[in-house]
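The working numbering puts the first residue of the sequence shown at 95, with every later residue one more than the last. Just so it is clear, CB atoms sit at the ideal spot from N, CA and C, and this is done for glycine as well. Since the structure comes first, as structure tokens, the remarks are kept for the end.
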Amino acid sequence: MAHKGRPPLVTVQSHILERQRAHPLATGDFSWLLSGITLATKVIESQVRRAGIVDVYGETGDVNVQGELVQKLDVIANETILRSLGYRGNVGIMASEEDDEPHIIKEAEDGAKYIVLFDPLDGSSNIDVNISVGTIFSILRRKPGIDRNAVNDHILQPGVEQVAAGYVIYSSSTVFAYTTGDGVHMFTLDPLIGAYVLTREDVRMPEKGKTYSVNEAYCRSFPEGTRRYLDWAKTADYKLRYVGSLVADFHRTLLRGGVFLYPPTDDAPEGKLRLLYEANPLSFLAEQAGGAASDGQRRILEKVPKSLHQRTPLIVGSKSEVDRVLSFTS
Ligand code: AHM
Ligand code: MG
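And the structure:
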């Protein structure tokens, strides 16, 4: 019970356990899995916080499967998540934005029923200049009846099949946000006690918000409808906010409302963002908070992925703002 009108002190673990109790078939497996994710993000956060002091700034000299320069902290974050989740018995398959191939951790017969997809350090090219970065994750269940060797067939499920998704933003404070299809909940890391403490329960995205977030420097190569929308938004006195770090732009949009767009461009005809590691989890969160997400043609969560590292255009944010963009683009 709350003390003198103050909200109860709830950690992310106790919140998950509490919510799980509402599901009669819950085994506790899931909270075990999520505690692996929170542990990993605490380790990553400690590296991010000390980045200028210990030698983790800059590039490794390698190029990843996406054709991007790998940052040292990308590697650290990726390894940390693999180490933290890899030994939890219920994780069967893991796939990372940074790795060409998925990691098969355990066979399904051994009770390894979950698949974890993640972007270990989104926005990492911004880290040298102290801009917010994040970790994004998506959790799927292994489907029965799929050939055990056809790993990609297990992973390539549409976003509606996600059992949970979330992100951590490493910023002026470190915030963990997650959904299991039962609203969006946020926790702030208390560095003194090393625990994520509940700070916002059942987050609702404002229905409207006069802010658009897009890399407008690419405007000349956007589809014509997107360009017309941007012209309209200026006449309607919208503000532009663009960090260039997806988790930061999404976090602001979730709390303040508005719309984030990454449309197709000449250089990235399918858009830049990844369906499995970025668009699906953030779209699940957006919808759970009352917002919407589309690729311009259809709901992101209904897209059936064709490949592991597939990219997609993304329009995500307040429901009426997404609808407004779509009225120009579709
Ligand atoms: P990454 O750091 O995982 O490669 O993510 C891509 C980043 C996103 O965080 C951000 O939204 C986008 O790239 C910015 O792209 P651009 O610089 O083209 O605007
Ligand atoms: Mg990313």
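Over what stretch of residues does the alpha helix (DSSP H) that includes residue i continue unbroken?
i	result
G130	D123 to R143
I187	From DSSP, I187 is part of no alpha helix (DSSP H) but of the beta strand (DSSP E) over V185 to S190.
L348	L340 to R350
V398	Per DSSP, V398 belongs to no alpha helix (DSSP H) and is neither H nor E.
H248	V245 to I249
Y323	E318 to T329
H109	V106 to Q114
By the DSSP assignment, the beta strand (DSSP E) with residue i in it spans what residues?
i	result
Y290	A289 to R294
R368	Careful: R368 lies outside any beta strand (DSSP E) and carries neither H nor E.
G411	L408 to G411
A171	Note, A171: premise wrong, no beta strand (DSSP E); alpha helix (DSSP H) at K166 to G180.
With a 10 Å radius around its C-beta and 16 neighbouring C-beta atoms as the bar for buried, classify residue i as buried or exposed.
i	result
Q391	exposed
S266	exposed
I147	exposed
G411	buried
S178	buried
R182	buried
A311	exposed
A116	exposed
L286	exposed
T229	buried
H109	buried
T154	exposed
S421	exposed
T329	exposed
Give me the Cβ distance between residue i and residue j, rounded to the nearest whole Å; I'm assuming they're in contact under 8 Å.
i	j	result
R368	E191	6 Å
V106	F270	6 Å
K304	G338	K304 to G338, Cβ: 21 Å. No contact.
L211	L111	That pair is no contact at about 24 Å.
L283	K136	7 Å
I249	A206	14 Å between Cβ atoms; not a contact.
P214	I175	5 Å
Does the beta carbon of residue i fall short of 8 Å from some heavy atom of the ligand AHM?
i	result
K426	The displayed coordinates of the chain run from 95 to 424. Any statement about residue 426 would go beyond what the structure contains.
V223	no
N309	yes
G338	yes
K136	no
D343	yes
Y208	no
Y290	no
K304	no
E162	yes
Y264	no
E191	yes
Problem set entry | Residues passing the C-beta test against the ligand MG heavy atoms, cut-off 5 Å | D213 and D216
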